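The next block holds one structure in the form of structure tokens; read it before the comments.
Here it is, written out as structure tokens:
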């Protein structure tokens with residue numbers, strides 16, 4: 003467990019610039035799974051929200067088998083180094099859309115999502131509650147960009163935690179719903195692991211309006227693909243914080259080349275909270 007800062011001088015200068023320009027010029031851009039939540043709970047890797055649905059007995063009897071078949075096919079493509087990025091990106095889009103159509107056909111209901119978010123394996127890191135309270139007090143927008151296949155679970159999770167503040171905005175995969183709570187069709191855009199860039203915010207004008215003039219950004223993510231969240235956004239100052247939950251020895255060098263701060267070992271949010279409070283008390 004450690005905090006690694008590859009370039010202390012550069013980070014110090016960025017922090018000073020953000021502090022000088024005030025909280026009104028900052029917004030936070032964050033992933034959800036294994037970033038705001040722990041990467042492991044009870045020595046088991048935290049499942050994604052969609053995998054909880056996939057592995058449970060929530061939907062039609064054949065849903066799990068079909069969902070696992072999709073995972074086995076497309077996850078292999080995502081992880082194969084010889085497949086080009088453009089091919090992977092197209093494959094991820096096909097995977098997400100096919101799976102979402104499967105969810106609709108399998109009878110996904112809002113009640114299923116309500117049950118999923120009660121799963122105790124999804125757990126905020128210690129200190130995230132204070133982080134959310136601080137951002138709310140300072141009226142700093144928090145944009146949560148998640149590729150979860152059932153994105154509506156996120157605001158419900160925050161609501162259950164009594165942290166669904168008005169300064170939090172969700173860029174998530176969503177459905178159109180029937181009056182009795184069944185998923186009917188896919189809402190655009192479809193967000194997957196390889197198109198998580200902040201240009202998507204422009205497709206949500208009400209959210210984009212909140213942050214377009216806030217040119218200082220703190221980005222939080224647990225994977226290198228999360229760095230793409232900032233692509234296309236014209237920022238002045240950026241701090242990239244990476245949560246290196248697993249394979250620390252193998253990935254430390256790669257994360258050090260790409261993040262300004264690396265938080266190793268799947269630990270709490272204390273360092274992030276100290277950083278924020280050092281900006282503005």
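Residue numbers (the working numbering): 3 to 283.
Glycine included, every Cβ here is placed at the ideal spot set by N, Cα and C.
In this text, all values refer to a predicted model and were calculated from it rather than measured experimentally.
DSSP beta-bridge partners of residue i
i, result
"residue 43", "46"
"residue 206", "For residue 206, which the question treats as bridged, DSSP gives no partner whatsoever."
"residue 179", "185"
"residue 32", "146 and 222"
"residue 263", "243"
"residue 4", "266"
"residue 126", "39"
The beta strand (DSSP E) enclosing residue i, as first and last residue numbers
i, result
"residue 218", "218 to 223"
"residue 62", "Per DSSP, residue 62 belongs to no beta strand (DSSP E) and is neither H nor E."
"residue 155", "Counting along the chain, residue 155 falls outside any beta strand (DSSP E), though it belongs to the alpha helix (DSSP H) covering 155 to 162."
6 Å Cβ shell around residue i - same chain, five flanking residues per side excluded
i, result
"residue 102", "188"
"residue 278", "136"
"residue 91", "196"
"residue 272", "129"
"residue 213", "29 and 143"
"residue 261", "242 and 244"
"residue 35", "50"
"residue 57", "none"
First and last residue of the uninterrupted alpha helix (DSSP H) at residue i
i, result
"residue 87", "87 to 107"
"residue 258", "250 to 260"
"residue 171", "First-last for residue 171: 170 to 173, but that is the beta strand (DSSP E), not the alpha helix (DSSP H)."
"residue 130", "130 to 140"
"residue 116", "112 to 118"
"residue 283", "Element bounds for residue 283: n/a, residue is neither H nor E."
"residue 13", "10 to 23"
Cβ neighbours of residue i in the same chain (closer than 7 Å, five flanking residues each side left out)
i, result
"residue 125", "39, 40 and 43"
"residue 157", "166 and 172"
"residue 68", "104"
"residue 141", "169"
"residue 89", "none"
"residue 45", "none"
"residue 79", "85, 90 and 93"
"residue 64", "none"
Contact set for residue i: own chain, Cβ-Cβ below 8 Å, skip 5 residues either direction
i, result
"residue 192", "95, 98, 99, 102 and 175"
"residue 210", "203 and 204"
"residue 266", "3, 4, 5, 6, 246, 250 and 254"
"residue 72", "97, 100, 101 and 104"
"residue 17", "241, 277, 280 and 281"
Counted within 10 angstroms of its Cβ, other Cβ atoms place residue i as buried (16 or more) or exposed
i, result
"residue 186", "exposed"
"residue 62", "exposed"
"residue 160", "buried"
"residue 268", "buried"
"residue 37", "buried"
"residue 218", "buried"
"residue 231", "buried"
"residue 235", "buried"
"residue 228", "buried"
"residue 155", "buried"
"residue 239", "buried"
"residue 122", "exposed"
"residue 148", "buried"
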